[in-house]
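Q: The sequence shown begins at 1470 in my numbering and counts up by one. Glycine residues also receive a C-beta, built at the ideal position from the N, C-alpha and C atoms. Only a predicted model underlies this, so the values are computations on that prediction, with no experimental measurement involved.
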Amino acid sequence: MPLVHGTEIFEAARKGHYCVGAFNTNNLEWTRAILGAAQEKNVPVLIQTSMGAAKYMGGYELCKGLIEATVKSMDITVPVIIHLDHGNFEAAKEAIAAGYNSVMFDGHDLPFAENVEKTKEIVKLAHAKGISVEAEVGSIGGEEDGVIGEGELASVEEAKELAATGIDFLAAGIGNIHGQYPANWTGLHFDRLQEIADAVDLPLVLHGGSGIPQDQVKKAISMGISKLNINTECQLAFAKATREYIEAGKDQEGKGYDPRKLLAPGTEAISDTVKEIIGWMGTRPVKLVPEEI
């Protein structure tokens, strides 16, 4: 079964100046759409749950089991990383215990010294089990599971100190936000991204990837962004397709109310969205035959 921790995958992306998608799942349909899209494109994929989504779905063990079973039932052969997105200290420990391949400990709302110490603890627990760790420096704007960030720029010195804890990839605030971007958003701060990329030799993570203009994302990828987080874009695509199905009255035709039919357009919309993003972010396909044996 192609479940991996992801460290080498993202290190290769950083060195090769390309990116691997990190897509949030919220249920079975989302899980199948994300995994199926990655398989069709023949690329590695990171599928993640937020704390809220994991609670909604029934807990970390259920989420891990659902993704693992779906990988098996769909005969997925591309590398799959099961990741915790924006976990607090207790959530990160729970996801590690449940067998996630990778976890994010988000301690940005703690005093920095406490963020560093707790990150070290998570790294020790995770690495003992071969699990990757992501940490965050600087607040990502917007709201994620009730945690509101104001979108501050990450400190280069703090980025260096957090990287020294032994984490595998680093999320840094560079003007990005969660959710939909407001009309007065001024764009990513590439000067700060360059400073961090020069100081930290780790794969860098761009949260709030939904809604950032493609040219800005591509530039960020060329500068060291190796993991792009996508959630809102899939939510909007799912909602639009589902709304159109109902507004067209298709749920009242025959057994169109059957959830397998009702949710199918939204599921297809997620799949199309994931494939489109994979295409323009430049994710390298999985080699079926090694170039050198």
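Check whether the Cβ atoms of LEU1697 and VAL1669 lie closer than 9 Å to each other.
A: Here residue 1697 is taken as the residue at index 228 of the sequence shown, counted from 1. Here residue 1669 is taken as the residue at index 200 of the sequence shown, counted from 1. No. Outside cutoff.
Q: Alpha carbon to alpha carbon, how far is PRO1513 from SER1571? Give it in angstroms, no decimals.
A: What you label residue 1571 is simply residue 102 of the sequence shown in a count that begins at 1. What you label residue 1513 is simply residue 44 of the sequence shown in a count that begins at 1. Roughly 14 Å between the two C-alpha positions.
Q: Does the structure place the segment 1491-1507 close enough to the segment 1735-1745 that three or more beta carbon pairs sit under 8 Å?
A: yes
Q: Whose C-beta lies closer than 7 Å to the C-beta of ILE1545 among residues of the same chain, with five residues either side of it excluded?
A: The residue you call residue 1545 lines up with position 76 of the sequence shown. Only PRO1471, LEU1504, GLN1508 meet the Cβ criterion.
Q: Name the two residues that bound the continuous alpha helix (DSSP H) containing VAL1669.
A: The sequence position of residue 1669 within the sequence shown is 200, counting from 1. Careful: VAL1669 lies outside any alpha helix (DSSP H) and carries neither H nor E.
Q: Who are the Cβ neighbours of LYS1724 in its own chain at under 8 Å, not counting the five residues just before and after it?
A: Working through the sequence shown from its first residue, we reach residue 1724 at position 255. The beta carbon of LYS1724 lies closer than 8 Å to those of LYS1730 in the same chain, with the five residues before and after it left out.
Q: Going by the DSSP bridge assignment, what does HIS1552 pair with across the sheet?
A: In the sequence shown, counting from the first residue as 1, residue 1552 sits at position 83. Beta-bridge pairing links HIS1552 to GLN1517, SER1571.
Q: Less than 7 Å between C-beta atoms, sequence neighbours within five positions excluded: which residues of the same chain meet that for ASN1496?
A: Residue 1496 sits at position 27 when you count from the first residue of the sequence shown. Correct list, in chain order: MET1526.
Q: Given this structure, state the Cα-to-Cα distance separating ALA1560 from GLY1735, to the nearest angstrom.
A: Here residue 1560 corresponds to residue number 91 of the sequence shown, with the count starting at 1. Here residue 1735 corresponds to residue number 266 of the sequence shown, with the count starting at 1. One C-alpha to the other measures close to 29 Å.
Q: How far does the beta strand (DSSP E) with GLY1490 in it extend, from its first residue to its last?
A: What you label residue 1490 is simply residue 21 of the sequence shown in a count that begins at 1. Start and end: 1489-1493.
Q: Taking its Cβ as the centre, do 16 or more other Cβ atoms sit within 10 Å of ARG1712, making it buried, or is it exposed?
A: Residue 1712 sits at position 243 when you count from the first residue of the sequence shown. Answer is exposed; the Cβ neighbour count stays below 16.
Q: Whole angstroms are fine: how far does the CA of GLU1745 sit from the CA of ALA1595?
A: Here residue 1595 corresponds to residue number 126 of the sequence shown, with the count starting at 1. Here residue 1745 corresponds to residue number 276 of the sequence shown, with the count starting at 1. Their backbone Cα atoms lie some 33 Å apart in a straight line.
Q: Using 10 angstroms around the beta-carbon of GLU1761, count the other beta-carbons present and answer buried if the total reaches 16, otherwise exposed.
A: Within the sequence shown, numbered from 1, the residue matching residue 1761 stands at position 292. For GLU1761, the predicted model reports a pLDDT of 42, less than 50, meaning its position is unreliable; a value from the coordinates is still stated below. Exposed.
Q: From GLY1475, GLU1498, ILE1478, pick the residue whose C-alpha is nearest to that of CYS1703; which is it?
A: Reading the sequence shown from its first residue, position 234 is the one you call residue 1703. The shortest Cα separation from CYS1703 among GLY1475, GLU1498, ILE1478 belongs to GLU1498.
Q: Excluding sequence positions up to five away, which residues of its chain have a Cβ less than 7 Å from the Cβ of LEU1553?
A: Here residue 1553 corresponds to residue number 84 of the sequence shown, with the count starting at 1. For LEU1553, where only same-chain residues beyond five positions count, the Cβ hits under 7 Å are GLN1517, THR1518, ALA1560, ALA1561, ALA1564, TYR1569, VAL1572, MET1573.
Q: Around the Cβ of GLY1611, are there at least 16 other Cβ atoms within 10 angstroms (buried) or fewer (exposed)?
A: Mapped onto the sequence shown, residue 1611 falls at position 142. Note that GLY1611 scores 49 on pLDDT, short of 50, meaning its location in the model is unreliable and no value can be drawn from it.
Q: Judging by CA-CA distance, which residue of GLY1642, CYS1532, ARG1753 is the nearest neighbour of PHE1659?
A: By 1-based counting over the sequence shown, the position of residue 1659 is 190. That would be GLY1642, whose Cα lies nearest to the Cα of PHE1659.
Q: Could you compute how far the alpha carbon of SER1624 sits from the alpha carbon of ILE1591?
A: Counting from one through the sequence shown, the residue named residue 1624 turns up at place 155. Counting from one through the sequence shown, the residue named residue 1591 turns up at place 122. If you take the alpha carbons of SER1624 and ILE1591, they lie about 22 Å apart.
Q: Taking the CB atoms as reference points, tell me whether GLY1490 and LEU1531 lie closer together than 9 Å.
A: Residue numbering aside, residue 1490 sits at position 21 when the sequence shown is read from its first letter. Residue numbering aside, residue 1531 sits at position 62 when the sequence shown is read from its first letter. Not a contact, by the Cβ cut-off of 9 Å.
Q: Apart from the five residues just before and just after VAL1547, which ones in its own chain have a Cβ nearer than 7 Å to its Cβ?
A: Here residue 1547 corresponds to residue number 78 of the sequence shown, with the count starting at 1. Here the set comprises PRO1471, ALA1507, GLN1508, ASN1511, VAL1512, PRO1513, VAL1514, VAL1755.
Q: Beta-carbon within less than 8 Å of GLY1485's beta-carbon, same chain only, minus the 5 sequence neighbours each way: which residues are those?
A: Against the sequence shown, residue 1485 aligns to sequence position 16. Correct list, in chain order: ARG1753.
Q: In chain order, what residues of the same chain have a beta carbon less than 7 Å from the beta carbon of ILE1600, not counting five sequence neighbours either side?
A: For the purposes of this step, residue 1600 is identified with residue 131 of the sequence shown, where counting begins at 1. Cβ within range, chain order: HIS1474, ILE1565, TYR1569, ASN1570, SER1571, VAL1572.
Q: Would you kindly work out how many angstroms separate the C-alpha atoms of ALA1706 and TYR1714, rounded to a whole number?
A: The sequence position of residue 1706 within the sequence shown is 237, counting from 1. The sequence position of residue 1714 within the sequence shown is 245, counting from 1. Going from the Cα of ALA1706 to the Cα of TYR1714 covers about 12 Å.
Q: From TYR1529 to ASN1557, what distance separates their C-alpha atoms?
A: Within the sequence shown, the letter at position 60 stands for residue 1529. Within the sequence shown, the letter at position 88 stands for residue 1557. Going by the C-alpha atoms only, they are around 13 Å apart.
Q: Excluding sequence positions up to five away, which residues of its chain have a Cβ less than 6 Å from the Cβ of GLY1751?
A: For the purposes of this step, residue 1751 is taken as residue 282 along the sequence shown, with counting starting at 1. Closer than 6 Å at the Cβ level, and outside the excluded window around GLY1751, lie TYR1487.
Q: Looking only at its chain, what residues have a beta carbon closer than 7 Å to the beta carbon of LYS1688, apart from the 5 residues adjacent to it on each side?
A: Residue mapping note: residue 1688 aligns to position 219 of the sequence shown, counting from 1. Taken in chain order, the residues that qualify are PHE1659.
Q: For a test of the three-state rule: what should DSSP assign to VAL1512, helix, strand or coil?
A: Against the sequence shown, residue 1512 aligns to sequence position 43. Coil at VAL1512, not helix or strand.
Q: Beta carbon of LYS1541: closer than 8 Å to some heavy atom of the ligand MG?
A: Looking for the ligand MG in the displayed structure turns up nothing, as the structure carries no ligands at all.
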